[in-house]
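Position 112, counted from 1, in the sequence shown is what the numbering used here calls 118; the numbers after and before it change by one each time, with no gaps. Here's the structure we're looking at; comments come further down.
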Amino acid sequence: MSQMDMITALVSEGIQKNLRAHRKYIAAGERRGIADDSASVAIAVLIEMSGGHHHIVRSDGETFTLQHPLTERLTGDLLDCDLLRHIYRGDRIPKGRYRVLMNDDDTDVDLIPLKEFE
């Protein structure tokens with residue numbers, strides 16, 4: 007079981023506990039299915055709202071900040087992420103917000119400009 011699977015299972019368990027309050031209206035077998043589906047949807051929405059599965063870079067033209075994808079933050083993989091070091095060594099980034107697309111070579115990335123409010 008991956009760490010994301012474990013997180014999904016924990017969210018599902020929390021939803022099931024909430025559904026138990028309505029046990030008069032929802033059968034036990036249905037509660038598990040509803041909770042599993044709800045957990046998957048909730049995590050998918052959280053990932054999408056936080057930039058999807060991509061890193062986001064915001065630059066003021068002088069300095070920049072890097073937002074790691076939610077999955078990296080939840081699983082702790084951001085501590086092993088070399089992207090910050092790679093971007094820091096590169097050219098100055100023009101002012102704006104960018105989605106980072108990783109290419110086959112980890113040292114080759116593309117910065118795709120984003121609208122301010124997506």
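Just so you know, even glycine gets a beta-carbon here, dropped at the ideal spot from N, CA and C.
Worksheet item: So, helix, strand or coil for residue 89, using DSSP?
Response: helix
Worksheet item: Helix, strand or coil: how does DSSP classify residue 94 here?
Response: helix
Fill in: Nonlocal neighbours in the same chain, by C-beta distance under 8 Å from residue 69, ignoring five residues either side
none
Discussion item. For residue 55, tell me which candidate among 82, 14 and 73 has the shortest Cα-Cα distance.
Written reply: 73
Item to complete: Taking residue 37 as the reference, give the member of 99, 44 and 22 with the closest Cα.
Response: If you compare the alpha carbons of 99, 44 and 22 with that of residue 37, the shortest gap goes to 22.
Worksheet item: At which residues does the beta strand (DSSP E) containing residue 53 begin and terminate?
Response: No beta strand (DSSP E) contains residue 53, which is instead part of the alpha helix (DSSP H) from 34–55.
Worksheet item: Looking at C-alpha atoms only, which residue of 52, 86 and 104 is the closest neighbour of residue 61?
Response: 104
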